[in-house]
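Q:
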Amino acid sequence: MAAANDLSVADGRFAPDILEVAARRAVAAWAQAVDGNDAELRAIADSSAIGELLHPGDPSGRTRLVVRGPEIRQIRIHALDAAAEPPTMTIDVDLAGRRYIQDRDTTAVLSGSQSKHVNFTERWTLALTGDETQPWRIVRVDSPVGRA
Numbered sequence: 412m413a414a415a416n417d418l419s420v421a422d423g424r425f426a427p428d429i430l431e432v433a434a435r436r437a438v439a440a441w442a443q444a445v446d447g448n449d450a451e452l453r454a455i456a457d458s459s460a461i462g463e464l465l466h467p468g469d470p471s472g473r474t475r476l477v478v479r480g481p482e483i484r485q486i487r488i489h490a491l492d493a494a495a496e497p498p499t500m501t502i503d504v505d506l507a508g509r510r511y512i513q514d515r516d517t518t519a520v521l522s523g524s525q526s527k528h529v530n531f532t533e534r535w536t537l538a539l540t541g542d543e544t545q546p547w548r549i550v551r552v553d554s555p556v557g558r559a
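Each residue of the sequence shown is one higher than the one before, starting from 412 at the first, in the numbering used here.
#1: Taking DSSP as the reference, what is the three-state secondary structure of D516?
#2: E543 lies in the beta strand (DSSP E); which residues open and close that run?
#3: So, A373 versus E451, is the Cβ gap smaller than 8 Å?
#4: Hey, could you find the ends of the alpha helix (DSSP H) P427 is sitting in?
#5: So, helix, strand or coil for E482, using DSSP?
#6: With C-beta atoms as the reference, is R479 less than 8 Å away from G508?
#7: Please say whether I512 and I502 have beta carbons closer to each other than 8 Å?
#8: Taking the alpha helix (DSSP H) that E451 falls in, what are its first and last residues?
#9: For S471, which of helix, strand or coil comes out of DSSP?
#10: What do you reckon, are the CB atoms on L537 and M500 nearer than 8 Å?
#11: With distance defined between alpha-carbon atoms, name the residue in V504, T517 and D514 nearest to A490.
#12: Which residue or residues does DSSP assign as beta-bridge partners of A490?
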């Protein structure tokens, strides 16, 4: 966060409140896409990241992630690389909700629970873009930090 504050003096897109807004938009778009409408997620994420967000670990897309009632507990900047081209920030998003992986054809629950409320953490990397309305874009989804 200290690095973000320092960088924000030269470039307002690094201001902590801008970073948090970008992260919250990403979570909201992801939650909406999990339920089917992925237009907002496509506007702020690369296609490879979208695949991993909606079908984690399954490039075939035969399964889907379902998250019901996601609640953001905390957003933390894990890393900020202003020297990268383009600059990136990696965030950890602590969430709570009912989270499970479902077979898209049979709707069978393959992992997780439809009824159990769990805490979990997502780790996403966002890259700075030239878009003034949405300066940060999800470019990578890393292995989850933790899942219950």
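Even glycine gets a Cβ: it sits at the ideal position worked out from N, Cα and C.
Given the structure is predicted, the values throughout are model-derived calculations rather than measurements.
A: Considering the structure as presented:
#1: coil
#2: Here E543 belongs to no beta strand (DSSP E), and DSSP marks it neither H nor E.
#3: This structure gives no information on residue 373, because the portion of the chain shown stretches from 412 to 559.
#4: P427 to V445
#5: strand
#6: yes
#7: no
#8: A450 to I455
#9: coil
#10: yes
#11: V504
#12: T501
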